[in-house]
Amino acid sequence: MRLLSRALRRTARLHLATRPFTAGIAALPPTALEALGTNATAAEAIAYNRGRVAAATGIALYRCGHRLPMPDDHLDDAVRALDFPYSVPSSETRAAIRAAIAVLEADPAISVQP
152 MRLLSRALRR TARLHLATRP FTAGIAALPP TALEALGTNA TAAEAIAYNR GRVAAATGIA
212 LYRCGHRLPM PDDHLDDAVR ALDFPYSVPS SETRAAIRAA IAVLEADPAI SVQP
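Positions in the sequence shown are counted from 1; adding 151 to them yields this note's numbering.
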């Protein structure tokens with residue numbers, strides 16, 4: 152219980168120069184239900200939602216100058232800062248965020264404009 156309490160009180164360690172995603176704003180990627188419809192399996196919906204959070208978080212971090220390696224705490228803070236509804240950072244989501252950042256870093260044609 153002490154660890155959970157400490158984790159909830161800790162302050163964010165990184166800065167994201169972006170506004171949180173909120174319902175109704177076009178920048179929020181569609182949910183699995185919106186994108187895949189009602190025929191998607193639970194596994195497909197989970198994978199899709201994890202991918203949407205990872206891609207948006209990875210892009211936001213990359214735009215703000217954050218590069219790999221990044222500690223788990225920083226990735227968790229970034230997911231929370233973007234305020235995706237119902238999103239809880241997991242090891243799978245953190246891995247997907249790292250993969251998204253790695254793709255952005257590896258492509259020489261991608262640059263960040265101020």
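Glycine residues also receive a C-beta, built at the ideal position from the N, C-alpha and C atoms. Keep in mind the model is a prediction, meaning the values are calculated, not measured.
| Asked | Found |
| --- | --- |
| Cβ shell of E195 (< 8 Å), same chain only, five flanking positions each side left out | A183 and L187 |
| Per-residue burial, A260 [other beta carbons within 10 Å of its own, 16 or more giving buried] | exposed |
| Cβ shell of P220 (< 6 Å), same chain only, five flanking positions each side left out | none |
| Rounded separation between V254 and A193 - CA only | 27 Å |
| C-alpha distance - P180 paired with A257, whole-angstrom precision | 24 Å |
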